[in-house]
Amino acid sequence: MFSNLPLWYKNRKMDKPTYSFISFWCAAALIFAAAFFYYPKWKQHDTEATLSWDVSGYYLYLPAACIYHDLKKLDFAPELLKKYNPAPGFDQAFLHPSGNRVMKYSCGQALQFLPWFFAGHLAAKIFGYPADGFSQPYQTAISWGSLLVALLGLWFLRKILLRYFSDSATAFAIFVLVFGSNYLNYTAFDGAMTHNWLFTLYTLLIFLSIKFYEKPSFPVALGIGMLCGWAVLTRPTEIISVLIPLLWFPPSEKWVGWRSFLVGRFQFFKNNFPKLPAAAAGLIFMAGIQLIYWKYTAGEWIVYSYGDQSFSWKHPHLQDGLMSARAGWLIYSPVMIFAVVGWLLLFRTEKRLVPASFFFLILFMYITWAWDIWWYGGSLGQRAMVQSYPVWAFSLAALFVAIRQNWLKKVVILLVLPCILFNLWITHHAHLGGLFVSEQMTKAYFLKILGKNEVEPDAVKLLDNKDNFEGQPENPSEIFTHDFENDTVGIISEKAISGNRSGFVDGEKQNSETWKIPLKPDGKKWLRLSAKIFVPEKEWEFWRMTQLVVRFLDGEKRVKENMIRLHRLADSGQTREVWLDAKFPKTYFDSVEIFIWNADGKKKLVFDDLKVIVF
8 MFSNLPLWYK NRKMDKPTYS FISFWCAAAL IFAAAFFYYP KWKQHDTEAT LSWDVSGYYL
68 YLPAACIYHD LKKLDFAPEL LKKYNPAPGF DQAFLHPSGN RVMKYSCGQA LQFLPWFFAG
128 HLAAKIFGYP ADGFSQPYQT AISWGSLLVA LLGLWFLRKI LLRYFSDSAT AFAIFVLVFG
188 SNYLNYTAFD GAMTHNWLFT LYTLLIFLSI KFYEKPSFPV ALGIGMLCGW AVLTRPTEII
248 SVLIPLLWFP PSEKWVGWRS FLVGRFQFFK NNFPKLPAAA AGLIFMAGIQ LIYWKYTAGE
308 WIVYSYGDQS FSWKHPHLQD GLMSARAGWL IYSPVMIFAV VGWLLLFRTE KRLVPASFFF
368 LILFMYITWA WDIWWYGGSL GQRAMVQSYP VWAFSLAALF VAIRQNWLKK VVILLVLPCI
428 LFNLWITHHA HLGGLFVSEQ MTKAYFLKIL GKNEVEPDAV KLLDNKDNFE GQPENPSEIF
488 THDFENDTVG IISEKAISGN RSGFVDGEKQ NSETWKIPLK PDGKKWLRLS AKIFVPEKEW
548 EFWRMTQLVV RFLDGEKRVK ENMIRLHRLA DSGQTREVWL DAKFPKTYFD SVEIFIWNAD
608 GKKKLVFDDL KVIVF
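For any residue, its number in the numbering used here is found by taking its place in the sequence shown, counting from 1, and adding 7.
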């Protein structure tokens, strides 16, 4: 029955699938299974949709230019954003002194979205959806396009790793990166953010850099320049991508020392100098698109669009970026500790990879954590690190190669496994599980939820207040109570919680009365401030949630402050009793003051029966 098969098919090699091939397809299967069956992002709505938060800002160029033909005023945007609610408010563009609105984010990501946008636009017209840029076909097209881009990036990562390392080391690097780091989240779920796309750009850049050093040509030089320019056009800080083609060492050459490397590199560029303008032209062409947009909309060639957000170059947030419970890289992707170890081992095992990886990664981390918003908003760990993972993958492979003893490799694999389980657990709770609260994590809350799938509802108080008393207070003494029945101002009568009157705060009345209470420790260690609250309508933006506050004072000097956000603890229409525990400070104090502040929020909150005990 096989007699008619072509000869080339009959004589083909029947090699078994390699470890790296299997690892690649396991990684791809995990990403696609998570995206299609666990949490299809394109089926979500509002701020959970594919085109939401930062993504909607990067994407807004496309409907503005291709559908509404309004890149200057963006008059269409408020109504459209109100309909789809991709993010609170309209902060994707700011009002420039020219009278036009200028996009906050650069346009490189929009350019990458372009073919998928047109696919969504065509599908919307064919299947009768609103052709407005944000309806279901657009969400689906951008999501699916992002998944294919992730697959492309991993495929090229495997190709370039195999040029330097064994098949098993390559398999190890790919498997660990996908299963054990936040790369999984930024491909399967948040793949439309810039990090997944930049990851793939970097793998292509490394691929072309190798190709250029092995066989220099004008097209490859142009491609390198355009990839660097595209990265800059996506995120301006990616200008450091130029270090990859400048310093990358091809696998076909042997490392003979730093002096030889520098002399050889200088001679290489001298011999191929005519090709360098092609790379420069590609970079300038791509990056120049943003300059043209700024000139068109604002009348200026350079516009700083991030307002008061900036860099602290002298004081980068290195410790926070690495180890903070809020968004520390090695806290939420602990498997990358192995990448750091492998990176240090490059100096002993793969010196030819040191020039590019060392200088690029040092500068990359410095720039990433010099940004004042070092936690990068709603981020699972350090999302800004994801685009550097193609370079870190070489460190993971180097670690595997450096381990000579089989028993030690087994130990490393055993240590990697809990990191993978942790990553799958935290990724689950960043979405359907719900225990991970982006942008607000604290050490106390992190330790409270670690390894669990359920915690008591009041555990969210640890997001605001690290003092956590468990158990029953011993020898409590009541030092203050207030029921509002005798108050005549700042009260509400028609919806009192108990009795005839309750206090309240709202958009116009931001602060309650402040009550100051004399207090000395006298053998006590804790204070508990309790109250009954009623929430007519829940506030979801945590920075606007009403706060219950207690301050320890030495005279008028503030010694310590504790607070909890009350909207975390009650839903719309709910009445309940809440309490705030505060441990006495170690330094001297002689009084406390308590009050309720609405944090510039607009929602009303009613409170009653304030009580303070010490124990």
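No residue lacks a Cβ here, since even glycine has one placed at the ideal position from N, Cα and C. Here the structure is a predicted model, which means the values were calculated and not measured.
Find out if the Cβ-Cβ distance for the pair Ile247, Ile374 is shorter than 8 Å. For the 8 Å CB-CB criterion, Ile247 and Ile374 form a contact.
With distances taken from CA atoms, which of His128, Pro24, Pro397 is nearest Ser188? Pro397
Would you identify the three-state DSSP class for Asn92, choosing helix, strand or coil? coil
Would the region 439-456 count as touching the region 322-338 if we require 3 or more Cβ pairs under 8 Å? Touching, yes, given that three or more Cβ pairs across the two stretches are closer than 8 Å.
Please list the segments of the beta strand (DSSP E) lying wholly inside the region 512-543, counting only runs of 3 or more residues, in order along the chain. 522-525, 533-542
Proximity of Gln116 and Thr57 at Cβ, strictly below 8 Å: no
Quick check: what's the CA-CA separation for Arg170 versus Arg108? Here the alpha carbons of Arg108 and Arg170 stand approximately 48 Å from one another.
Can the beta-carbon of Phe626 be found closer than 8 Å to that of Glu481? What is shown of the chain runs 8 to 622, which leaves residue 626 out entirely.
Candidates His76, Arg411, Val185, of which the one nearest Leu161 by Cα: Val185
Whole-number beta carbon distance between Phe206 and Ala34, since they are thought to touch under 8 Å: With 8 Å as the limit, Ala34 and Phe206 do not qualify as a contact, their Cβ atoms being about 13 Å apart.
Consult DSSP for Lys222 and reduce its assignment to one of helix, strand or coil. coil
Integer-rounded CB distance, given that Ala405 should sit under 8 Å from Glu357: 5 Å
Going straight from the alpha carbon of Ile420 to that of Asp465, what length do you get? 37 Å
Check whether the Cβ atoms of Leu470 and Ala538 lie closer than 8 Å to each other. no
Can the beta-carbon of Phe196 be found less than 8 Å from the beta-carbon of His489? no
Helix or strand or just coil, what does DSSP make of Ile486? Strand, per DSSP.
Please report how far the alpha carbon of Lys516 lies from the alpha carbon of Leu422, in whole angstroms. The straight-line gap separating the alpha-carbon atoms of Lys516 and Leu422 is approximately 54 Å.
Would you mind reading off the limits of the alpha helix (DSSP H) that contains Val398? Per DSSP, Val398 belongs to the alpha helix (DSSP H) from 396-409.
Restricting to Cα atoms, I'd like to know which of Phe602, Val613, Ile601, Phe401 is closest to Asp578. Val613
Whether Tyr66 touches Met110 by CB criterion (8 Å): no
Could you give the C-beta distance for Lys609 and Gly514, rounded to a whole number, given that I count them as a contact under 8 Å? With a Cβ gap of about 4 Å, Lys609 and Gly514 count as contacting.
By how many angstroms is the C-alpha of Pro70 removed from the C-alpha of Asp139? 7 Å
Beta-bridge partners of Met3, as assigned by DSSP: No answer is possible for residue 3: the residues shown for the chain start at 8 and end at 622.
Cβ distance (whole Å) where Asp597 is taken to contact Lys527 below 8 Å: Yes, they are in contact, since the Cβ atoms of Asp597 and Lys527 sit about 6 Å apart, within 8 Å.
Which of helix, strand or coil DSSP assigns to Lys282: helix
Rank Thr434, Val348, Asp174 by C-alpha distance to the C-alpha of Pro24 and give the top, closest one. Asp174
Here's the rule: buried if 16 or more other CB atoms are within 10 angstroms of the residue's CB, otherwise exposed. What is Gly314? exposed
Comparing C-alpha positions only, which one of Leu587, Gly580, Gln143, Leu129 sits nearest to Glu568? Ranked by Cα distance from Glu568, the options Leu587, Gly580, Gln143, Leu129 are led by Leu587.
For Met570, list the residues DSSP reports as bridge partners. DSSP links Met570 through a beta bridge to Val556.
Just grab the DSSP bridge partners of Val156 for me. DSSP, once it has assigned bridges, lists no residue as partnering Val156.
What residues in its chain sit with their C-beta under 8 Å from that of Trp583, if we drop five residues either side in the sequence? First, the amino acid is wrong: residue 583 is Arg here, not Trp. These residues qualify, in order along the chain: Lys539, Ile540, Leu576, Ala577.
With respect to the alpha helix (DSSP H) encompassing Arg355, which residues constitute its N-terminal and C-terminal limits? 343-356
Alpha carbon of Ile344 to alpha carbon of Ala377, nearest angstrom: 21 Å
So, helix, strand or coil for Lys590, using DSSP? strand
Out of Phe163, Arg266, Lys502, point me to the one whose CA is closest to Leu31's CA. The sequence given here places Phe at residue 31; Leu does not occur at that position. From the listed residues Phe163, Arg266, Lys502, the smallest Cα separation to Phe31 is found for Phe163.
Beta-carbon spacing of Asn507, Leu387 below 8 Å: No, the Cβ-Cβ distance between Asn507 and Leu387 is not below 8 Å.
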